[in-house]
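Residue numbers for the sequence shown follow the working numbering, beginning at 47 and rising by one.
Down below is the structure, laid out as structure tokens.
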Amino acid sequence: MDQDILYHLALGSGSHDLVEMFGDVKFVCMGGTPKRIEDFAHFIMKEIGHKLPAGTTLLDISQYSYRYSMYKVGPVLSISHGMGIPSVGILLHEVIKLMYHARVKDPIFFRIGTCGGIGLEGGTVVISDEAVDGMLKPYLELPVLGKLLRRPSKLDRQLARDLKALAHREDPYDTVIGKTMCTYDFYEGQGRMDGAFCEFTENDKMDYLHKVHKTGVINIEMESLSFAALTHHAGIKSAVVCVTLLDRLKGDQVLAPKEVLDEWQMRPQELISRYITRYLQRK
Ligand code: R2B
Ligand code: URA
């Protein structure tokens, strides 16, 4: 291609100098909502001591895509990915190409998210060491040209351990490593009974949650499968760090007050920030 239009990012290799704009990126941090990602960009700016040029403010680089939000703070690129595998998959295609056009070498990708815990109280931080689908299969399946393409959903285990080592003993919550189940739906797909429809019983649901728990699954969310599969396929080191909003063995509804949820959502951000600040100090 003489030019590549990264349509959902409102960027292009012909219209933008992508090396000049993104050539110094080392970390790509993704999270579901534009607000959380904007907050993270401000937070990481403070943590790494990055100063914006006088009189300027942080700008959403992809604002005219009306799809995703993107902020750049020195070597840290923060992007919202929306909800679910299709949304994060489209974004990953374009961000992986963006890294290629910008000639970035060995970036590290993080997903900073929320999830439902299984046997973990709300506010627990979970670092995924493996992602499986709702059938407990460790790969992403995608129909391509009428055939099912399979890509292993592998995460970097050493990176997961390095992140776990950054949890502080005095943190007032647990940080654990385990298997993450990634589903195509928040309600029926995660065994919830509080959707518009439900065609199973409380017993069916509890049997399923206990069964997946026994195989090592400790949390459920909606993007890790694609995130792990596409970064692994590209040879990019990546990690998924999510905070639990509830214990699914105790219920379906997210009942914690907004202020509590906001505080919990800072926890994965703090862990990633500890990793990034230490990495930059070592350099
Ligand atoms: C976690 O939270 C969202 C659903 O509420 C989804 O994007 C996910 O993975
Ligand atoms: N996100 C999910 O996908 N599931 C939950 O239970 C909570 C957040």
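Quick reminder that beta carbons are idealized off the backbone N, C-alpha and C, glycines included.
Mind checking whether the beta-carbon of residue i lies closer than 7 Å to any heavy atom of the ligand URA?
i, result
"Met145", "no"
"Leu292", "yes"
"Val289", "no"
"Ile266", "yes"
"Lys49", "Here residue 49 turns out to be Gln, not Lys, going by the sequence shown. Incorrect: Gln49 has no Cβ contact closer than 7 Å to the ligand URA."
"Gln315", "no"
"Gln236", "yes"
Note down, in chain order, each residue of its chain lying with its Cβ closer than 7 Å to the Cβ of residue i, except the 5 sequence neighbours on either side.
i, result
"Gln311", "Arg82, Thr160, Val289"
"Ile51", "Gly58"
"Thr229", "Gly180, Gly235, Gln236, Ile266, Met268"
"Ala87", "Leu104, Tyr117, Val119, Ser124"
"Gly162", "Gln236, Asn265, Ile266, Thr290, Leu291, Leu292, Arg294"
"Ile322", "Phe73, Ile90, Ile94, Val122"
"Tyr110", "Ala56"
"Pro80", "Ser115, Ser126"
"Cys244", "Glu234"
"Met47", "none"
"Asp202", "Lys283, Ser284, Ala285"
Just to check, is the beta-carbon of residue i closer than 7 Å to a non-hydrogen atom of the ligand R2B?
i, result
"Phe86", "no"
"Met227", "no"
"Thr160", "yes"
"Glu176", "no"
"Phe232", "yes"
"Met76", "no"
"Gly169", "no"
"Met129", "yes"
"Met312", "no"
"Met239", "no"
"Glu245", "no"
"Glu187", "no"
Counting only the same chain and skipping the five closest in sequence on each side, list residues whose C-beta sits under 8 Å from that of residue i.
i, result
"Val300", "Leu291, Leu292, Leu307"
"Asp208", "Tyr321"
Can you round the beta-carbon distance between residue i and residue j to whole angstroms, since I take them to be within the 8 Å contact cut?
i, j, result
"Ala177", "Ser270", "4 Å"
"Phe73", "Leu144", "Going by Cβ atoms, the distance from Phe73 to Leu144 rounds to 14 Å, so no, they are not a contact pair."
"Arg153", "Asp70", "A small correction: the amino acid at residue 153 is Pro; Arg does not occupy that position in the sequence shown. About 11 Å separates the two Cβ atoms, so there is no contact after all."
"His278", "Pro198", "6 Å"
"Leu317", "Val171", "6 Å"
"Met227", "Val263", "5 Å"
"Ala302", "Tyr185", "Not quite, the Cβ-Cβ distance comes to about 33 Å (not below 8 Å), so this is no contact."
"Phe156", "Ile282", "Contact flag wrong, Cβ pair sits at about 11 Å."
"Lys258", "Leu166", "Correcting the residue type first, residue 258 is Val in the shown sequence and not Lys. Their Cβ separation, rounded to whole angstroms, is 13 Å, which puts Val258 and Leu166 out of contact at 8 Å."
"Met252", "Asp298", "Their Cβ separation, rounded to whole angstroms, is 12 Å, which puts Met252 and Asp298 out of contact at 8 Å."
Return the bridge partner residues of residue i from the DSSP annotation.
i, result
"Thr160", "Val289"
"Glu216", "Paired residues: none, contrary to the question."
"Ile154", "Phe73, Lys283"
"Glu8", "Since the first and last residues shown for the chain are 47 and 329, residue 8 lies out of range."
"Lys118", "Leu123"
"Thr277", "Answer by DSSP bridge pairing: none, since Thr277 is not bridged."
"Ile223", "Ile173"
"Gly58", "Ile51"
Could you give the first and the last residue of the continuous alpha helix (DSSP H) run that contains residue i?
i, result
"Ile107", "It is not in any alpha helix (DSSP H) - Ile107 carries neither H nor E in the DSSP assignment."
"Arg324", "304-328"
"Leu195", "Leu195 -> not in any alpha helix (DSSP H); beta strand (DSSP E) instead, spanning 193-198."
"Tyr254", "248-260"
"Ile83", "80-93"
"Asp208", "203-210"
"Phe243", "Note, Phe243: premise wrong, no alpha helix (DSSP H); not H, not E."
"Glu66", "64-68"
"Val134", "131-147"
Note the first and the last residue of the continuous beta strand (DSSP E) segment covering residue i.
i, result
"Leu186", "185-190"
"Asp175", "171-178"
Using 8 Å as the limit for Cβ to Cβ distance, is residue i near chain D?
i, result
"Pro303", "Absence of chain D from the displayed structure is noted, only one protein chain being present."
The ligand ADP heavy atoms versus the CB of residue i: any closer than 7 Å?
i, result
"Gln299", "Although the ligand ADP was asked about, the structure shown includes only the ligand R2B and the ligand URA as ligands."
Leaving out the 5 sequence neighbours to the left and right, which residues in its chain are closer than 6 Å to residue i when beta-carbon positions are compared?
i, result
"Gly135", "Ser272"
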